[in-house]
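Numbering-wise (the working numbering), the sequence shown opens with residue 1344 and increments by one.
Glycine residues also receive a C-beta, built at the ideal position from the N, C-alpha and C atoms.
The structure under discussion appears below in the form of structure tokens.
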Amino acid sequence: MHDTAARYQEQVDEEYDLHVTVEELPEGTHSAADAAEAIGCPLGAIVKSVVLVVEFDDGSTEPIVAYASGEHRVDVDALAEYLGAADARTASPDEVKEYTGWSIGGVPPVGHGIERTLFDESLLEHEEIWGGAGTPEAVAAFDPETVVAATDAEIARIFE
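Here you go:
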């Protein structure tokens, strides 16, 4: 197992008492559809941890993680409206690394360090959801309600 994926598995166990099993997919997970096909799960059971930067009227900014189903995209206008923000945008690769400690494609649903999280309610329809586990080739299965509880996620209708 890649050192980063092993570090993630250890971290989530120690910090959250979640005993996840990280699986590495040699072909990688370049898209949610690729991940679903490699895992053998429905596209809707893939959780994308999308890092966004929200700007408020006072000029302050805050990183947010939106957990989107593999079938959905984050509607940044709806996200800004939901948060009462002036603007929202997807974080750059450098910002993702700075805010979460993980690279794009490997940001996990639990253990990313961003306080405010928003959750796509359609993910709750699945017994398990699959998300990043530290690298673009690593995934792990999570109980969706456990992700909501561990991250104190808000169920929000900001997805299309």
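Whole-angstrom distance between residue j and residue i, CA atom to CA atom
i            : j            : result
residue 1422 : residue 1501 : 5 Å
residue 1380 : residue 1356 : 27 Å
residue 1373 : residue 1403 : 32 Å
residue 1456 : residue 1378 : 24 Å
Identity of the residue in the options nearest residue i by Cα
i            : options             : result
residue 1452 : 1496, 1406 and 1345 : 1496
residue 1412 : 1385, 1352 and 1466 : 1466
Extent of the continuous beta strand (DSSP E) run through residue i
i            : result
residue 1459 : No beta strand (DSSP E) contains residue 1459, which DSSP labels as neither H nor E.
residue 1436 : Premise fails: residue 1436 lies in the alpha helix (DSSP H), 1436-1443, not in any beta strand (DSSP E).
residue 1430 : 1430-1433
First through last residue of the alpha helix (DSSP H) which encompasses residue i
i            : result
residue 1488 : 1487-1494
residue 1375 : 1375-1382
residue 1503 : Here residue 1503 belongs to no alpha helix (DSSP H), and DSSP marks it neither H nor E.
Local conformation of residue i per DSSP, three classes
i            : result
residue 1360 : coil
residue 1395 : strand
residue 1465 : helix
Please determine if the segment 1381-1399 and the segment 1424-1433 are in contact, where contact requires at least 3 C-beta pairs separated by less than 8 Å.
These segments touch.
Does the structure place the segment 1439-1448 close enough to the segment 1356-1367 that three or more beta carbon pairs sit under 8 Å?
Between the segment 1356-1367 and the segment 1439-1448, the count of C-beta pairs closer than 8 Å stays below three; the two stretches do not touch.
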